[in-house]
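Residue numbers (this note's numbering): 250 to 396.
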């Protein structure tokens, strides 16, 4: 499904339904209907001071995982990396590079390739009345396997 430049895809329908091993992926495309929740860190040092955390806002309507309690936007969040996190320096550096690529996607008339971001569905999810996985709130988290 494509929604104003924001492609939302599940690698496998079973994953979105709460089964299977395939990741549920959000694809962030140039010109998409997504934005940074606040100005992103301006330097690698600033991102490190923020424990590598940042978030994007995406439309709730049409999100790959239904969010019945969310009317407007989903907050796509990168969980913080505490100082003792394994491989923290490399992971912060990788997040910085991803952040720079996302900023390039937001540039006017960008031709940058979309970024595919797998979700971690262990947080704030439940099975709805129809048995399908859904977000309880307006938060979605990026997989810990993504830097």
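Ideal Cβ placement from N, Cα and C applies to all residues, glycine included.
Predicted model, so just to flag it, every value in this text is computed and none were measured.
For residue i, three-class secondary structure by DSSP
| i | result |
| --- | --- |
| residue 323 | strand |
| residue 297 | helix |
| residue 349 | helix |
| residue 371 | coil |
| residue 365 | strand |
| residue 330 | coil |
| residue 211 | Past the edges of the chain, shown from 250 to 396, lies residue 211, and the structure says nothing about it. |
Whole-angstrom C-beta distance between residue j and residue i, which should lie under 8 Å
| i | j | result |
| --- | --- | --- |
| residue 290 | residue 296 | 4 Å |
| residue 364 | residue 351 | 6 Å |
| residue 309 | residue 320 | 6 Å |
| residue 402 | residue 328 | Because residue 402 is not part of the residues shown, which for the chain are 250 to 396, the question remains open. |
| residue 340 | residue 301 | 7 Å |
| residue 372 | residue 318 | The pair is not a contact, with the Cβ atoms about 15 Å apart (cut-off 8 Å). |
| residue 384 | residue 316 | 4 Å |
| residue 325 | residue 307 | 6 Å |
| residue 314 | residue 382 | 6 Å |
Cross-strand partners of residue i (DSSP beta bridge)
| i | result |
| --- | --- |
| residue 308 | 322 |
| residue 389 | 325 |
Pick from the options that is closest to residue i, judged by C-alpha positions
| i | options | result |
| --- | --- | --- |
| residue 332 | 299, 309, 318 | 299 |
| residue 281 | 369, 359, 372, 373 | 359 |
| residue 349 | 385, 368, 283, 293 | 293 |
| residue 276 | 342, 353, 366, 316 | 366 |
| residue 368 | 390, 284, 285, 304 | 390 |
| residue 347 | 304, 272, 378 | 304 |
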